Amino acid sequence: MLEKRMNGIFQTLDQINYALLHHYDEVLEHKLTPKQSLIIEHVRQHNTLTVSELAEKMDVTASAISQLLSKLEKGHYIERSINPNSRREIVVSLGLKGKELYELYAKVDEQIVSTYYAKLDDEVISQLEQAVNKIYKVVLEEQMESRPHELDLFCSCFYHLYTRNLFYVSVGKNTYKR
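The numbering of the sequence shown is full-length UniProt numbering, which starts it at 1 and goes up by one.
Below, the structure is given as structure tokens:
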């Protein structure tokens, strides 16, 4: 019974995502993978990160993160420079396109909020917020018990889920390339 109800909820979320997707056309033109988007989000949240900090947050090797960073750097989404406090470290910050991308996200988010969510009353918004927070708590507790090393990557995915207007990120399916 629960599985049937959840499938109905997931189907509705898919329909909402699909209905809102056209608002993100300009964002999707960037053609970033979910991992690239998460890297950009980590850097945006922290302003600068060392390559090793970023590798740790993404739960990948320094070599793997360097390959991902090279592609993002070529596209001007991030910039790498020598850490002025430790010349042996490379720090990563947002590049011009990375900054533009998040300005674009903010613009689209504002448009969706004013067009759709502003029509919901405070009680509905509060209920949605409570439900999402409860789901987050359950998943977070499970993640901490079963796979603590994946917790930071999960939190990054959930950040997108919670702060963006699309209700979830299809990281596995790579459907929306968010």
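By construction, the Cβ of each residue, glycine as well, lies at the ideal position given by its N, Cα and C atoms. Predicted model, so just to flag it, every value in this text is computed and none were measured.
Counting C-beta pairs closer than 8 Å gives fewer than three between the stretch 100 to 108 and the stretch 48 to 58, which falls short of the contact rule. Close CB contacts of G95 within its chain, under the 6 Å cut and outside five residues either way in sequence, are with H76, Y77, I78 and E79 (chain order). I112 is a Cβ neighbour of H23, given a cutoff of 8 Å. Rounded to the nearest whole angstrom, the CA to CA distance from K137 to M144 is 10 Å. For the stretch 8 to 61, the full-length alpha helix (DSSP H) segments reaching 4 residues or more read 25 to 28, 34 to 46 and 51 to 58 along the chain. Considering only Q36, I135, Q45 and S146, the residue with the shortest C-alpha distance to M6 is I135. Per DSSP, S114 lies in no beta strand (DSSP E) segment; the continuous alpha helix (DSSP H) that holds it begins and ends at L96 to T115.
The continuous beta strand (DSSP E) containing S81 extends over residues I78 to I82. Taking K97 as the centre and dropping the five residues before and after it, the same chain places the C-beta of G75, H76 and Y77 closer than 7 Å to its C-beta, in chain order. Distance from the CA atom of M1 to the CA atom of L13, rounded to whole angstroms, is 19 Å. By the criterion of a C-beta distance shorter than 6 Å, S93 is surrounded in its chain by T48 and E79, once the five residues flanking it on both sides are discounted.
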